[in-house]
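*Asks:* Quick one: structure below, then a few questions.
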Amino acid sequence: VALAIAIPVFGQIDPLPPERAFRFTARALNPQTIEARFAIADGYYLYRDKIRFSVEPAAAGLAVPPLPEGKVKEDQFFGRVETYRGGLMVNLSLKNAAVGQKVVIVAESQGCADLGICYPPQVQRVTVALPAASAAPSRGGTQSKSWLD
Amino acid sequence: MTRWTLLVVAAIIAAGAGVYFGLSGRSTRDASTLLALSLPNTSGHQEALSQWKGKVLVVNFWATWCAPCREEMPEFVKAQGEFGPRGLQFVGIAVDEPDKAERFAQELGLNYPVLIGGYGAIELSRTLGNRVVALPFTIVVDRRGRVAHTHLGPLKPSELRAIVSQLL
Numbered sequence: 004v005a006l007a008i009a010i011p012v013f014g015q016i017d018p019l020p021p022e023r024a025f026r027f028t029a030r031a032l033n034p035q036t037i038e039a040r041f042a043i044a045d046g047y048y049l050y051r052d053k054i055r056f057s058v059e060p061a062a063a064g065l066a067v068p069p070l071p072e073g074k075v076k077e078d079q080f081f082g083r084v085e086t087y088r089g090g091l092m093v094n095l096s097l098k099n100a101a102v103g104q105k106v107v108i109v110a111e112s113q114g115c116a117d118l119g120i121c122y123p124p125q126v127q128r129v130t131v132a133l134p135a136a137s138a139a140p141s142r143g144g145t146q147s148k149s150w151l152d
Numbered sequence: 015m016t017r018w019t020l021l022v023v024a025a026i027i028a029a030g031a032g033v034y035f036g037l038s039g040r041s042t043r044d045a046s047t048l049l050a051l052s053l054p055n056t057s058g059h060q061e062a063l064s065q066w067k068g069k070v071l072v073v074n075f076w077a078t079w080c081a082p083c084r085e086e087m088p089e090f091v092k093a094q095g096e097f098g099p100r101g102l103q104f105v106g107i108a109v110d111e112p113d114k115a116e117r118f119a120q121e122l123g124l125n126y127p128v129l130i131g132g133y134g135a136i137e138l139s140r141t142l143g144n145r146v147v148a149l150p151f152t153i154v155v156d157r158r159g160r161v162a163h164t165h166l167g168p169l170k171p172s173e174l175r176a177i178v179s180q181l182l
C-alpha cells in the first residue's frame with residue numbers, strides 16, 4: 004500500500020531540504036542538562052546508528068545517554084538497523100560547563116525519505132546559553148550545515 | 015541574463031505549468047563540466063569521464079548507505095549488459111568510502127565502473143538539477159555531450175529503457 008501511495012506522489016512533491024526534513028533544536032533545561040530534539044517530517048526517517056552528538060568546547064564534557072530504541076528495519080546490506088520517525092528527544096548532560104557559559108551542541112545525522120531518496124550525513128549546530136540554576140529553559144539558535152559545505 | 019537567471023525563470027515557468035522540474039526531467043544542458051571530471055576508481059586510479067564521450071552515458075550518484083540506490087542498481091547491470099554493445103555506458107559515482115563501494119560492487123557483480131566522488135562531484139550534481147543534494151541522482155548524457163535527462167530517486171526500469179532507447 005505504501006508503495007502504491009508513494010509512486011504517484013513521487014512525481015509531484017518536492018523533497019524537503021535535509022535541514023527541514025530533520026529539524027534539530029536544543030535548549031538548556033538547567034546548567035547541566037541540554038534537551039536535544041529532532042523533529043522529523045512525515046515520510047522521512049533517521050538512522051539511529053548515524054546520530055552523533057558533541058559539544059564545543061569539548062571541555063564542557065558532554066555525556067550522551069543510550070538513544071531510545073527505534074523501529075527495526077532489515078537492510079539487505081547492513082542487516083538489522085533502527086530508524087526514528089516523527090521525532091527524537093534526548094537529554095544530554097554537561098559535566099564541566101560553567102553557569103552562563105555558551106556552548107554549541109553539534110548533531111550529526113543521516114536519513115532518508117519514503118519517496119526513495121537518502122541524504123548525505125548532515126551536521127546541525129545549535130548555540131545554547133546555559134542558564135543560572137533557577138532560570139527558565141533557554142532555547143538555542145539553530146544553524147544547519149551539510150557535510151558538503 | 016545569466017544562465018542561472020534563465021534556469022530560475024525556466025523552473026518557475028515549469029512549476030506554473032504544473033510540470034515538476036526537479037525530480038525528473040528532460041534537459042538540454044551542456045554536460046561539459048560533468049565530462050571534465052576525473053575521479054579515482056575503487057583502486058585509486060584516476061578515470062576521466064571524457065573517455066566515454068560519444069556514448070550514451072548514464073551517470074548514477076549513489077552510496078552504500080542509500081538503500082534506494084542499491085535497490086535500483088541490479089536494473090542498471092541488466093541495462094548495461096543489454097544496451098552496452100549499442101553504445102550505452104553506465105558510470106557509478108559513489109558518495110562513499112572506496113572499500114565499502116568496492117565490496118558492494120563485487121557483491122552485486124557490477125559490470126560498469128564505479129568512481130569515488132568527493133564534495134566537488136556531489137556539488138556538481140546540484141548544478142545539474144539535484145537541488146536537495148540527495149541520492150540516488152542519475153544524469154543521462156547523449157552522444158553529443160548534452161544532458162538529456164536528470165532524475166532524483168529510483169529510476170523505474172520502464173523509464174530508464176524508454177530514455178536510453180531514444181538516445182541510442
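So the protein sequences, as listed, match chains Y and B.
Using the working numbering, you'd call the opening residue of the first sequence number 4 and step up by one each time.
Using the working numbering, you'd call the opening residue of the second sequence number 15 and step up by one each time.
Even glycine gets a Cβ: it sits at the ideal position worked out from N, Cα and C.
(1) Taking only three categories from DSSP, how would you classify B:L53?
(2) Would you check if the distance between the CB atom of B:L53 and the CB atom of B:R84 is smaller than 9 Å?
(3) Nearest to Y:S96 by alpha carbon, out of Y:A66, Y:G119, Y:G73?
(4) Could you pull out every unbroken alpha helix (DSSP H) segment of at least 4 residues lying fully inside the region 67 to 126 of chain B, listed in chain order?
(5) Skipping 5 residues on each side, what residues in its chain have a beta carbon closer than 7 Å to that of B:G91?
(6) Hey, how far is the Cα of B:L48 from the Cα of Y:L32?
(7) Measure the alpha-carbon distance for Y:A56 versus Y:L91 and round it to whole angstroms.
(8) Going by Cα to Cα distance, which pick from Y:L133, Y:A63, Y:Q125 is closest to Y:R26?
(9) Closer than 9 Å between beta carbons: that is the criterion. Which residues of the region 106 to 139 of chain Y meet it against chain B?
(10) Whose CA, out of Y:V84, Y:Q104, Y:A42, lies closest to the CA of Y:Q127?
(11) CB-CB under 7 Å to B:G131, same chain, minus the five flanking residues each way: which ones, in chain order?
(12) Show which residues of chain B have a CB atom less than 7 Å away from the CB atom of Y:F80.
(13) So the beta strand (DSSP E) B:L166 belongs to, where does it begin and stop?
*Replies:* Reading off the structure:
(1) As a working mapping, residue 53 of chain B is identified with position 39 in the second sequence. In this structure, B:L53 counts as strand in the three-state DSSP scheme.
(2) Counted from its first residue, the second sequence places residue 53 of chain B at position 39. Counted from its first residue, the second sequence places residue 84 of chain B at position 70. At a Cβ-Cβ threshold of 9 Å, B:L53 and B:R84 do not count as neighbours.
(3) Translated into positions along the first sequence, residue 96 of chain Y becomes position 93. Answer by Cα proximity: Y:A66.
(4) 81 to 97, 112 to 122
(5) Start at 1 with the first residue of the second sequence, and residue 91 of chain B comes out as number 77. Residue identity check: residue 91 of chain B is Val in the sequence provided, not Gly. Closer than 7 Å at Cβ, skipping near neighbours: L122, G123, L124, N125.
(6) As a first step, residue 48 of chain B is located in the second sequence; it is residue number 34 there, counting from the start. As a first step, residue 32 of chain Y is located in the first sequence; it is residue number 29 there, counting from the start. About 49 Å.
(7) In the first sequence, counting from the first residue as 1, residue 56 of chain Y sits at position 53. In the first sequence, counting from the first residue as 1, residue 91 of chain Y sits at position 88. Correcting the residue identity first, residue 56 of chain Y is Phe in this sequence and not Ala. Cα to Cα, the separation comes out at about 13 Å.
(8) The residue you call residue 26 of chain Y lines up with position 23 of the first sequence. Checking every option, the nearest Cα to that of Y:R26 belongs to Y:Q125.
(9) Q113, C115, A116, L118, G119, I120, C121, Y122, P123, P124
(10) Start at 1 with the first residue of the first sequence, and residue 127 of chain Y comes out as number 124. Of the listed residues, the one whose Cα sits closest to Y:Q127 is Y:A42.
(11) In the second sequence, the residue the question calls residue 131 of chain B occupies position 117. Same-chain partners within the cutoff: L53, F75, I107, A108, V109.
(12) Position 77 of the first sequence, counted from the start, is the residue given in the question as residue 80 of chain Y. Neighbours of Y:F80 on chain B, chain order: T78, R84, F118.
(13) Residue numbering aside, residue 166 of chain B sits at position 152 when the second sequence is read from its first letter. Per DSSP, B:L166 belongs to the beta strand (DSSP E) from 161 to 166.
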